[in-house]
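See structure below.
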Amino acid sequence: MYKFDELDDGANVMLEILSKYYKDAWIYDDLLKSNISDDDISNVLSISKDEMYDMVNDYHQL
Numbered sequence: 005m006y007k008f009d010e011l012d013d014g015a016n017v018m019l020e021i022l023s024k025y026y027k028d029a030w031i032y033d034d035l036l037k038s039n040i041s042d043d044d045i046s047n048v049l050s051i052s053k054d055e056m057y058d059m060v061n062d063y064h065q066l
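First residue of the sequence shown: 5, per our numbering; consecutive thereafter.
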């Protein structure tokens, strides 16, 4: 977990959630650029395709 002394606990929890979320989005983004079908990625990683694409789109807007 990322810890910053000047942030309160709530902010630290939010930062941890965001860092995990965007780390996952980066992985999905990479996988979607590969030759693996999005159906296979969705099935193996147990995430819906809509959820995966939403996450990647959010990631690209950063």
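C-beta: ideal position from N, C-alpha, C; glycine also.
These figures come from a predicted structure and were not determined experimentally.
| query | result |
| --- | --- |
| Distance cut-off 7 Å: serine 38 Cβ against heavy atoms of the ligand SAM | Looking at this structure, you won't find the ligand SAM or any other ligand, since it has none at all. |
| Continuous alpha helix (DSSP H) stretch holding isoleucine 45: start and end | 42-49 |
| Classification of tyrosine 25 by the beta-carbon crowding that lies within 10 angstroms, buried from 16 upward | exposed |
| Neighbour-count burial assignment, valine 60, 16 or more Cβ in a 10 Å radius | buried |
| Closest by C-alpha distance to tyrosine 4, when choosing among Ile31, Val17, Ile40 | With the chain covering 5 to 66 only, the question about residue 4 has no answer from this structure. |
| Top-ranked residue by Cα proximity to isoleucine 51, from Asp28, Ser23, Glu20 | Asp28 |
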